[in-house]
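> With the first letter of the sequence shown counted as 1, position 120 gets the number 775 in our numbering; the numbers rise by one all the way through. Please find one structure pasted underneath; my questions will follow.
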Amino acid sequence: DLQIRCSEYTTMMAVSIFCLIANIVGAGLLLAVPMLINFEFAVRGKGKKKHKKKFEAVTLTTSVTAGGFILPLLSWALFMGLSDSMFHTFKKREAYPYGAAWVGHYLHGFGCFMTILCFVLALWRYWQASGPYQKDDSSDDEGELQIDDGGFVGPPGLPGL
656 DLQIRCSEYT TMMAVSIFCL IANIVGAGLL LAVPMLINFE FAVRGKGKKK HKKKFEAVTL
716 TTSVTAGGFI LPLLSWALFM GLSDSMFHTF KKREAYPYGA AWVGHYLHGF GCFMTILCFV
776 LALWRYWQAS GPYQKDDSSD DEGELQIDDG GFVGPPGLPG L
């Protein structure tokens, strides 16, 4: 029984280190998103080249947002699943009291839900930007890629606000 307990704690230690790193990397990726949006507005060029560069910038922003969403979600699901499994094993084999998930687990899950919203907004921008190239006759710039944000107003300091 001692060997089972030691192996469970060792597994949880390794998973906890992975989850910590995944959460830090995910937070760093999400902190980089406003800067990447600024880079999208700094794209220079004319015609199809500008459209291609703008689409590449939007693709990068979407990819970074996806990483910032997937890593914390994966760490939350992995930690919740393994800690639940560990406590059930202890309860069955060693008359160990079952530890219930407390507020931190639920707050992490809520944070993952909020990043789902960010990811959906990023996908929405990506799908709009992936449309065909069209020449815009109303401006001096040829073929400006227009992204309709549906009236979304972001935090202060983002370009165009």
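Don't be surprised by glycine CBs; every beta carbon is placed ideally from N, CA and C.
Label C661 either buried or exposed according to how many other C-beta atoms from any shown protein chain fall within 10 Å of its C-beta, with 16 as the threshold for buried.
Indexing the sequence shown from 1 puts residue 661 at position 6. Exposed, because fewer than 16 other Cβ atoms sit within 10 Å of the Cβ of C661.
> With S740 and C674 assumed to form a contact (beta carbons below 8 Å), what rounded beta-carbon distance in angstroms separates them?
For this step, residue 740 is matched to residue 85 along the sequence shown. For this step, residue 674 is matched to residue 19 along the sequence shown. Going by Cβ atoms, the distance from S740 to C674 rounds to 15 Å, so no, they are not a contact pair.
> In angstroms, rounded to a whole number, what distance separates the CA positions of V758 and V680?
Taking the sequence shown and counting its residues from 1, one reaches residue 758 at position 103. Taking the sequence shown and counting its residues from 1, one reaches residue 680 at position 25. Cα to Cα, the separation comes out at about 23 Å.
> Reducing DSSP to helix, strand and coil, say where W757 ends up.
Within the sequence shown, the letter at position 102 stands for residue 757. It is coil, neither helix nor strand.
> Would S671 pass as a contact of F734 if the rule is Cβ separation under 9 Å?
Along the sequence shown, one-based indexing puts residue 671 at 16. Along the sequence shown, one-based indexing puts residue 734 at 79. Taking 9 Å as the Cβ cut-off, S671 and F734 qualify as a contacting pair.
> So which of T716, L772, E711 and L762 has the shortest CA-CA distance to P689?
Within the sequence shown, the letter at position 34 stands for residue 689. Residue T716 is the option with its Cα nearest to P689.
> Using 10 angstroms around the beta-carbon of A669, count the other beta-carbons present and answer buried if the total reaches 16, otherwise exposed.
One-based indexing of the sequence shown puts residue 669 at position 14. By the 10 Å Cβ count, A669 comes out exposed.
> Whose C-beta lies closer than 7 Å to the C-beta of V698 among residues of the same chain, with five residues either side of it excluded?
Indexing the sequence shown from 1 puts residue 698 at position 43. Correct list, in chain order: K705, K708, K709 and A712.
> Could you check whether L728 and L684 sit closer than 9 Å to each other, using their CB atoms as the reference points?
As a working mapping, residue 684 is identified with position 29 in the sequence shown. As a working mapping, residue 728 is identified with position 73 in the sequence shown. Cβ atoms of L684 and L728: not closer than 9 Å.
> Please go through the same chain and pick out, in chain order, the residues whose beta-carbon is closer than 8 Å to the beta-carbon of E663, but skip the five residues on each side of it.
For the purposes of this step, residue 663 is taken as residue 8 along the sequence shown, with counting starting at 1. Closer than 8 Å at Cβ, skipping near neighbours: M741, T744 and F745.
> In angstroms with no decimal places, state the Cα-to-Cα distance between W782 and A677.
The residue you call residue 782 lines up with position 127 of the sequence shown. The residue you call residue 677 lines up with position 22 of the sequence shown. C-alpha separation (whole angstroms): 27 Å.
> Assuming V719 and A682 are in contact, meaning their beta carbons sit under 8 Å apart, how far apart are those beta carbons, in whole angstroms?
Translated into positions along the sequence shown, residue 719 becomes position 64. Translated into positions along the sequence shown, residue 682 becomes position 27. Actually they do not touch by this definition, with Cβ atoms about 12 Å apart.
> How big is the Cα-Cα spacing for T770 and T666?
What you label residue 770 is simply residue 115 of the sequence shown in a count that begins at 1. What you label residue 666 is simply residue 11 of the sequence shown in a count that begins at 1. Their Cα atoms are separated by approximately 27 Å.
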